[in-house]
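Right, one structure below, let's go through it.
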Amino acid sequence: MAAAGADWAASTASAAAGFGLGLSLIVAIGAQNAFVLRQGLRREHVLAVVAVCALSDLVLIALGIAGAGAVFDRVPWLVEVVRWAGAAFLATYGVLAARRAIRPATKGLGAERAGGGATTLLVAVSTCLALTWLNPHVYLDTVVLLGSVGSSQGDGRWAFAAGAGAASILWFTALGFGARLLAPVFARPLAWRVLDAVIAVVMLTLAVLLVVPALVANG
-9 MAAAGADWAA STASAAAGFG LGLSLIVAIG AQNAFVLRQG LRREHVLAVV AVCALSDLVL
51 IALGIAGAGA VFDRVPWLVE VVRWAGAAFL ATYGVLAARR AIRPATKGLG AERAGGGATT
111 LLVAVSTCLA LTWLNPHVYL DTVVLLGSVG SSQGDGRWAF AAGAGAASIL WFTALGFGAR
171 LLAPVFARPL AWRVLDAVIA VVMLTLAVLL VVPALVANG
């Protein structure tokens, strides 16, 4: 009985550690979070977007715990491929967001949801997948960092993974479905222009930060 209690306590501690570290890694403003927030505000395909983000994180966390992080040490060019593809995608998305901020096509939240600029399910899911899987920081943070810390938990590594996965599900659900609470603010066109301007800055900054280390290393 005492041994079972000790095992439960150890697993709970590992799960709590995974939850805390996982939440700290995904809460920071980034391309993925900005996209989820925008879709939540538009109330377009929110469930699909949240599911894609959460399931992707679960897969990446599981890969990290299973030791896939070692692959990036053995195949460094793989990170470079992801780096440049991700930078190109982020730059393109950032330019489009900047264009929306400068020349808005809608007049507020209602028009943003119902107007001709509606996003199809395929486009929303494809964009979400690209923002997730073409970001090398996702692999470094989720696979390598979470995987390394989780592996140090010994028998509690999968409890750690469960905690990190729970943090991801909780965060994306709250971000996507909680965005509607900001609806009164985004009933004004100016709020959308500010949001798109922030998204443009985030995307373009991340694109630059992705390529600068490679350019410095090769220069």
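Residue numbers (my numbering): -9 to 209. Where a beta carbon is used, it is the ideal one built from N, C-alpha and C, also for glycine. Fair warning: this is a prediction, and the values are worked out from it, not measured in the lab.
Which of helix, strand or coil DSSP assigns to residue i
i	result
H35	coil
V17	coil
N23	helix
A215	There is no way to answer for residue 215, as the model of the chain reaches only from -9 to 209.
L124	coil
R93	coil
R178	coil
R103	For R103, the predicted structure reports a pLDDT of 48, less than 50, and the residue's modelled location is therefore unreliable. A value from the coordinates is still provided. If DSSP states are grouped into helix, strand and coil, R103 belongs with the helices.
A154	helix
Q29	helix
G237	There is simply no residue 237 to check, as the chain begins at -9 and stops at 209 in what is shown.
Per-residue burial, residue i [other beta carbons within 10 Å of its own, 16 or more giving buried]
i	result
R147	buried
L196	buried
W67	exposed
S46	buried
T122	buried
V126	Rather than Val, the amino acid found at residue 126 in this sequence is Pro. When all chains shown are included, P126 counts as buried.
S4	buried
I189	buried
D131	buried
I16	buried
8 Å Cβ shell around residue i - same chain, five flanking residues per side excluded
i	result
G57	G137 and S141
I55	L136, G137, G140, S141, R147, W148, F150 and A151
Chain-order list of residues whose beta-carbon lies under 6 Å from that of residue i (same chain, five-residue window excluded)
i	result
T109	E34
Same chain, Cβ closer than 7 Å to residue i, neighbours up to 5 away in sequence not counted
i	result
L172	L31
A77	A197, L200 and V201
Would the segment 182 to 191 and the segment 160 to 168 be scored as touching if the rule is three or more Cβ pairs under 8 Å? no
Report yes or no: do three or more beta-carbon pairs, one from the segment 28 to 46 and one from the segment 155 to 164, lie closer than 8 Å? yes
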